[in-house]
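Colleague: I am attaching a structure below and will ask some questions about it afterwards.
Numbering (the numbering used here), first residue to last: 0 to 874.
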């Protein structure tokens, strides 16, 4: 009995222990399930966030590249159309007349493999270059299965048409374009046919820096035309954007590298790993949020620069005629060739027309093969090859009979960097003035042809300015040639400083220079360049001998397309205008068209009025309200400057801001704007309203001014206004010109507590890395980005990816120019935070803004302007 009594407690104890173990296991299991569920939830959340960022970035990058692809293709087609304009007076008289213009053009554009003249009845009459294309002369394209139908459309519609992509006889994938030549009366004189290699064309715009974090592919249907491979190979992270190329559709695929997301968001793999440790979940989450790892990956874009170190190239050709027989994979990639191309290509086709010693490549190949066939065991010489991108590379060539095939010759090409430097130096001297380093007449004409082609394709305005130093001969006679040379170098430096980096300044002769100013918004832009030239040349020159020289210049200005469409005529008209300026007693520069001189006199009158208006403070500010998209509540204003001119008319900034910037009036205007805004915020506070932030636009010059931040701090302190009530709007273009410099300035604004907005997002090409690093609170979408969303199918729209990307980086997104309920609905569907536009309010005078503000009550009125309104965090 006692034993049973002793056993019972033991059994109870065992049972209790078992129950406790089961409960512990259950609790442990439930805890594990709970934390596993939580871990999975957070992992999924981070993974979705990462995927959103990657897809949005891929969409934006694909759209940007698609635009660049469209631009470079249309720019190359414009070269063809511009060439066609040379023959408006009539077809070429003979082959020599045609080649004199066609051959230099073809050699200057690497993508242009051939440029041919076709008669109105579809017969090929002239070809350039001659080598390799002679069999095409006399060919009838009327019944050609590819060219015939395209020619029919080109002649019927009287505009350029292109074929589907195909393998070119010259090697590589490309397309043929047909541009009708129209006479003065509109009659068809012929057709210009160009063969373009796609890789050479696209390599100039899709660079390794731009696609550092992506794999990029351009294709037509399933045929890949161009590809830059990175580590991104997950097609779930791919975005595709169509490109319309003269009625044909190409596709741009962009695949994001998953590692890119670790630079912008928490790593989901780390969440999954550390989330299994339930007791440390909170610590892990904090760790995940605060210890984001940044990685970078390397990409290789296989295009060659002449200065690059290139591995040896190896290939075999036939002894009989030099046709390609085989080559190494690296060599095939260098020349962008496939095995099926070999039978159409001879070795000399891989070289420029002439070698560095002046010998023709074709003739040199024939001599080398003849020597090998006569028993030579090995030949060595310097040889220039042309890469797929059109880059000329100097190599040491070794040619000897093949050991594996008696009918072939083996060739090895070893890169020679020293020879490359010499060749490049010779090319430089052939295109630049040796005294000043400026482009010479030949290079100027080449760039003018390109500039006119670009302006024609994109309907842009450009100007040509001819600058003559009127008294230079007297300077040479008085002070000697050495002082004359020194003066010319000084003149060149000053002229360079008057133009933008993308413009061209050249020296024609001893005392004559020329300038190409591109992408002008209006004719006044050309006048500004002319005035800067005159002003720069009016400053005395101090020579090393202590002499002071004063110059007088005459400048002639001609505009495209106003004054001429052909490049040669444009230059001639600028020259004629220059001679008119020499005879003028009123101005040092003249336009080719006299009415333009009257316009410039009117602009000078505006400058005088503007100076007087600054002195007399004849400016006002209007305030464009900014609303929350979800409930239409007020979140801020944008201050807009208006000028009351002498006639009492309100003038908008596009009418005068460029003149104010050029004349130095923007600085006092900016000071007045900041002071006026501070007074307005103070007035709202005094009247008992809750102020909201006011945004100010700044120009590129204002943005980098050292005293701008100090002025804001001083004036806000003087009026007892929180600096966060002032927001500075900087356009994407300004921020990305020098992003590192802009980043430093952004942080200086942020440290001062001043709000920041990135304006016109989507109009350019903002780097995702910088977008994350810029300490801005808001991102304003470009109007073009927003307007495109209304015309595109939802699946093709870039609006939603752009908004998702900005919001994933914790930036508020603002849309501007909202005028209809339909536009508002699109923004609400895309989850856009804020909006501006005439739908809710036009810009208001200061007295009308009070109706939108909330009236404070009680003691809070005294502190109303001390802090930002609700939902506007202090900076």
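The C-beta atom is built at its ideal place from N, Cα and C for all residues, glycine as well.
Keep in mind it's a predicted model, so treat the numbers as computed, not measured.
1. Within 10 angstroms of its Cβ, does residue 525 collect 16 or more other Cβ (buried), or is it exposed?
2. At a cut-off of 7 Å, is residue 755 close to the ligand FAD when judged by its beta-carbon and the heavy atoms of the ligand?
3. Might you give, ordered along the chain, the residues of its own chain that have their beta carbon closer than 7 Å to the beta carbon of residue 842, omitting 5 neighbours on each side?
4. Could you tell me which of 116, 126 and 500 sits nearest to residue 437, measuring between CA atoms?
5. In this structure, how does DSSP classify residue 700 when only helix, strand and coil are distinguished?
6. Suppose you measure from the CA of residue 290 to the CA of residue 813; what does that come to, to the nearest Å?
7. Is the segment 493-507 touching the segment 548-565, taking contact as three or more C-beta pairs under 8 Å?
8. Would you decide whether residue 335 is buried or exposed? Buried here means 16 or more other CB atoms lie within 10 Å of its CB.
9. Tell me, to the nearest whole angstrom, how far the beta carbon of residue 114 is from that of residue 101; I am working on the premise that it is less than 8 Å.
10. Which whole runs of the beta strand (DSSP E) in the segment 167-204 are 3 residues long or more, in chain order?
11. I'd like to know whether the C-beta atoms of residue 383 and residue 392 end up nearer to each other than 8 Å.
12. So residue 557 is in the beta strand (DSSP E); what residue range does that whole segment cover?
13. Starting from residue 530, follow the beta strand (DSSP E) in both directions and report where the run begins and ends.
14. Using only CA atoms, which one of 250, 225 and 244 lies nearest to residue 237?
15. Is the beta carbon of residue 385 less than 8 Å from the beta carbon of residue 130?
16. Could you have a look at residue 350 and say whether DSSP puts it in helix, strand or coil?
17. Is residue 837 buried or exposed, if buried means 16 or more other CB atoms sit within 10 Å of its CB?
18. What's the C-alpha gap between residue 490 and residue 556?
19. Could you check if residue 474 is buried or exposed, using at least 16 other CB atoms within 10 Å of its CB as the buried criterion?
20. To the nearest angstrom, how far is it from the Cα of residue 487 to the Cα of residue 523?
21. Would you mind stating whether residue 159 and residue 245 have Cβ atoms separated by less than 8 Å?
22. Residue 61: buried (16+ other C-beta within 10 angstroms of its C-beta) or exposed?
23. Looking only at its own chain, which residues have a Cβ that is under 6 Å from the Cβ of residue 380, when we skip the five neighbours before and after it?
24. What residues are listed by DSSP as bridge partners for residue 237?
25. Look at the alpha carbon of residue 881 and the alpha carbon of residue 189, and state the distance between them as a whole number of angstroms.
26. Does the Cβ of residue 875 have 16 or more other Cβ atoms within 10 Å, making it buried, or fewer, making it exposed?
27. Which residues in the same chain have their Cβ closer than 6 Å to the Cβ of residue 322, if we skip the five residues on either side of it in sequence?
28. Can you give me the C-alpha to C-alpha distance between residue 457 and residue 69, rounded to a whole angstrom?
29. Between residue 780 and residue 628, is the Cβ-Cβ spacing less than 8 Å?
30. Count the CB pairs spanning the segment 323-342 and the segment 367-380 that are closer than 8 Å, and state whether there are at least three.
31. Pull the bridge partners of residue 394 from the DSSP assignment, please.
32. Do residue 817 and residue 799 have their CB atoms nearer than 8 Å?
33. With DSSP collapsed to three states, give me the class of residue 670.
34. Hey, residue 248 and residue 241 are a contact pair by Cβ (cut 8 Å); roughly how many whole angstroms apart?
35. Report the residue from 64, 698, 103 and 483 whose alpha carbon sits nearest the alpha carbon of residue 543.
36. Residues in its own chain within less than 7 Å of residue 372 by CB, not counting five upstream and five downstream?
Modeller: Here's the rundown:
1. The count along the chain shown starts at 1 and reaches residue 525 at position 526. Buried.
2. This structure does not include the ligand FAD; it has no bound ligands of any sort.
3. The residue given as residue 842 occupies position 843 in the chain shown. Result list for residue 842: 621, 622, 623 and 639, in chain order.
4. Taking the chain shown and counting its residues from 1, the one referred to as residue 437 is at position 438. For the set 116, 126 and 500, the Cα lying nearest the Cα of residue 437 is the one of 500.
5. As a working mapping, residue 700 is identified with position 701 in the chain shown. Residue 700 falls in the helix class under three-state DSSP.
6. The sequence position of residue 290 within the chain shown is 291, counting from 1. The sequence position of residue 813 within the chain shown is 814, counting from 1. With a pLDDT of 37 at residue 290, under the threshold of 50, the modelled position of this residue cannot be trusted; read the value that follows with caution. Rounded to the nearest whole angstrom, the CA to CA distance from residue 290 to residue 813 is 30 Å.
7. Result no; under three Cβ-Cβ pairs closer than 8 Å.
8. The residue given as residue 335 occupies position 336 in the chain shown. The residue in question, residue 335, is buried, as its Cβ has 16 or more Cβ neighbours within 10 Å.
9. Taking the first residue of the chain shown as position 1, residue 114 is located at position 115. Taking the first residue of the chain shown as position 1, residue 101 is located at position 102. Confirmed, Cβ separation roughly 5 Å.
10. Correct list: 172-181 and 187-196.
11. Within the chain shown, the letter at position 384 stands for residue 383. Within the chain shown, the letter at position 393 stands for residue 392. Their beta carbons are under 8 Å apart, which means residue 383 touches residue 392 by this criterion.
12. For the purposes of this step, residue 557 is taken as the residue at position 558 of the chain shown. For residue 557, the enclosing beta strand (DSSP E) stretches over residues 552-559.
13. Taking the first residue of the chain shown as 1, we reach residue 530 at position 531. Counting along the chain, residue 530 falls outside any beta strand (DSSP E), though it belongs to the alpha helix (DSSP H) covering 523-537.
14. Here residue 237 is taken as the residue at index 238 of the chain shown, counted from 1. If we check each option's Cα against that of residue 237, 250 comes out closest.
15. In the chain shown, the residue the question calls residue 385 occupies position 386. In the chain shown, the residue the question calls residue 130 occupies position 131. No, the pair does not count as a contact, with Cβ atoms beyond the cut-off.
16. Stepping through the chain shown from its first residue, residue 350 is reached at position 351. Correct three-state label for residue 350: coil.
17. For this step, residue 837 is matched to residue 838 along the chain shown. It counts as exposed.
18. Stepping through the chain shown from its first residue, residue 490 is reached at position 491. Stepping through the chain shown from its first residue, residue 556 is reached at position 557. If you draw a straight line from the Cα of residue 490 to the Cα of residue 556, it is about 19 Å long.
19. Residue mapping note: residue 474 aligns to position 475 of the chain shown, counting from 1. The residue in question, residue 474, is buried, as its Cβ has 16 or more Cβ neighbours within 10 Å.
20. Counting from one through the chain shown, the residue named residue 487 turns up at place 488. Counting from one through the chain shown, the residue named residue 523 turns up at place 524. Looking at the two C-alpha atoms, the distance is approximately 28 Å.
21. As a working note, residue 159 is residue 160 in the chain shown. As a working note, residue 245 is residue 246 in the chain shown. Pairing residue 159 with residue 245 gives a Cβ-Cβ distance under 8 Å.
22. Position 62 of the chain shown, counting from 1, holds the residue named residue 61. Buried.
23. Taking the first residue of the chain shown as position 1, residue 380 is located at position 381. For residue 380, where only same-chain residues beyond five positions count, the Cβ hits under 6 Å are 396.
24. What you label residue 237 is simply residue 238 of the chain shown in a count that begins at 1. Bridge partners of residue 237 according to DSSP: 254.
25. In this structure the chain extends from 0 to 874, so residue 881 is not present and cannot be described.
26. Absent from the structure is residue 875, since the part of the chain shown begins at 0 and ends at 874.
27. For the purposes of this step, residue 322 is identified with residue 323 of the chain shown, where counting begins at 1. For residue 322, same chain residues with a beta-carbon under 6 Å away, outside a window of 5 residues either side, are 345 in chain order.
28. Counting from 1 along the chain shown, the entry for residue 457 is found at position 458. Counting from 1 along the chain shown, the entry for residue 69 is found at position 70. For residue 457 and residue 69, the distance between alpha carbons rounds to 11 Å.
29. Locating residue 780 in the chain shown gives position 781, counting from the first residue. Locating residue 628 in the chain shown gives position 629, counting from the first residue. No, the pair does not count as a contact, with Cβ atoms beyond the cut-off.
30. These segments do not touch.
31. Stepping through the chain shown from its first residue, residue 394 is reached at position 395. According to DSSP, which records beta bridges pairwise, residue 394 is partnered with 382 and 414.
32. As a first step, residue 817 must be located in the chain shown, where it is residue number 818. As a first step, residue 799 must be located in the chain shown, where it is residue number 800. It is not a contact, given that the beta carbons lie outside the stated cut-off.
33. Start at 1 with the first residue of the chain shown, and residue 670 comes out as number 671. In this structure, residue 670 counts as helix in the three-state DSSP scheme.
34. One-based indexing of the chain shown puts residue 248 at position 249. One-based indexing of the chain shown puts residue 241 at position 242. With 8 Å as the limit, residue 248 and residue 241 qualify as a contact, their Cβ atoms being about 5 Å apart.
35. The residue labelled residue 543 in the question sits at position 544 within the chain shown. By alpha-carbon distance to residue 543, the top candidate from 64, 698, 103 and 483 is 483.
36. Taking the first residue of the chain shown as position 1, residue 372 is located at position 373. Excluding sequence neighbours, residue 372 sits near 318.
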